[in-house]
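Enquirer: What follows is a structure written as structure tokens; I'll ask about it next.
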């Protein structure tokens, strides 16, 4: 009965020296944290670390997107694209008479606005 | 204004007499309004005839819609004075509020179509002028390359017409009218600017290449 020894307790193994014991304990340490010996558990811890890393990365990215840009870097507000009018005014007196009349009709059309808006009413009358 | 005054007096005193006066004023106000709308719709329908030749089918459809509401207002001119109690008047007003969303849609669609028709006819006129320039022996043939570049602007005008029409087809909510006319008007103004540019360009081409 005196020879009985629990094999799970390494420090009771008479065949293992103190240096060997330290080597084993260092082998499963990462950044000062001791790693489990089971490969499945180690894989799980590794995946967990990756997930945490990605989570932090996502937080940083979303935070930087939400932060307003410096005033000088703000994108300009789009404006209505209005085509500029021609700057050169042609001399209509040089036009042949028949074309001059036609151009006159065109000019009247483009410069005449149709203002025929409906009457503005209060639809609550009667309520 | 009479109706607003009568309503204020009724809100203040709440008597049967003031209520009756408010009711009568509301009937008068609504009836006058219906007559005004009937006249406006008639005038708009006739106005569409001016440039109808640019798109007879669509313009005719607009005119049919306008005449349908014109007939409805004509009918209401006899219906509303016959209303003799507050409940019926409220029911009529609620019904009108829903119809008015459709009526405004018909009116503004017709206005947009009318303006497109005018601009389309103007564009046709400019194309006629371009053809005249091409066929005019007094205008030197170097003008041809400049005239051909005008088709780009013609295409832009057609795009603006289509965009304006797209706004008129926007679905309306049942409770509130979403006025598409200002957006459509922007597109129409854009097309007007292109027409001005084409006109100015053609004038320049003629003055540059015309030799008597």
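Chains as they are written, first to last, in the working numbering: chain A, 1 to 127; chain B, 128 to 339. No residue lacks a Cβ here, since even glycine has one placed at the ideal position from N, Cα and C. Note that the structure is a prediction, hence the values are computed from the model and not measured.
May I ask you to list, following chain order, the residues of the stretch 88–116 of chain A that have a beta carbon less than 7 Å from some beta carbon of chain B?
Expert: Flagged, chain order: 88, 90, 91, 92, 94, 95, 96, 99, 102, 103, 105, 106, 107, 109, 110, 114, 116.
Enquirer: Provide the residue(s) that pair with residue 337 of chain B in DSSP beta bridges, ordered along the chain.
Expert: B/266
Enquirer: With distances taken Cα to Cα, identify the nearest neighbour of residue 307 of chain B among B/277, B/271, B/285, B/228.
Expert: B/228
Enquirer: What are the residues that DSSP puts in a beta bridge with residue 300 of chain B?
Expert: Under the DSSP definition of a beta bridge, residue 300 of chain B lacks any partner.
Enquirer: Would a check of beta-carbon distances place residue 253 of chain B closer than 8 Å to chain E?
Expert: No chain E is part of this structure, whose protein chains are labelled A and B.
Enquirer: Just verifying my parser: in three-state terms, what is the DSSP assignment at residue 117 of chain A?
Expert: coil
Enquirer: From what residue to what residue does the alpha helix (DSSP H) around residue 192 of chain B run?
Expert: 183–206
Enquirer: Using only alpha-carbon positions, find the residue among A/127, A/56, A/95 that is nearest to residue 221 of chain B.
Expert: A/127
Enquirer: By how many angstroms is the C-alpha of residue 165 of chain B removed from the C-alpha of residue 173 of chain B?
Expert: 12 Å
Enquirer: Hey, is residue 121 of chain A's beta-carbon within less than 8 Å of any beta-carbon in chain B?
Expert: Yes, residue 121 of chain A lies at the interface with chain B (some Cβ there is under 8 Å from its Cβ).
Enquirer: Count the other CB atoms, across all protein chains shown, that sit within 10 Å of the CB of residue 278 of chain B; report buried if there are 16 or more and exposed otherwise.
Expert: By the 10 Å Cβ count, residue 278 of chain B comes out exposed.
Enquirer: Less than 8 Å between the CB atoms is what I'm expecting for residue 322 of chain B and residue 249 of chain B, so what's the real figure, rounded?
Expert: 5 Å
Enquirer: Using a 10 Å radius around the Cβ and a threshold of 16 neighbouring Cβ atoms, would you call residue 269 of chain B buried or exposed?
Expert: exposed
Enquirer: If you measure from the beta carbon of residue 294 of chain B to each beta carbon in chain A, is any gap under 8 Å?
Expert: no
Enquirer: Can you tell me which of the three DSSP states residue 331 of chain B falls into?
Expert: helix
Enquirer: Taking residue 326 of chain B and residue 103 of chain A to be in contact with their CB atoms under 8 Å, please state how far apart those CB atoms are, rounded to whole angstroms.
Expert: 6 Å
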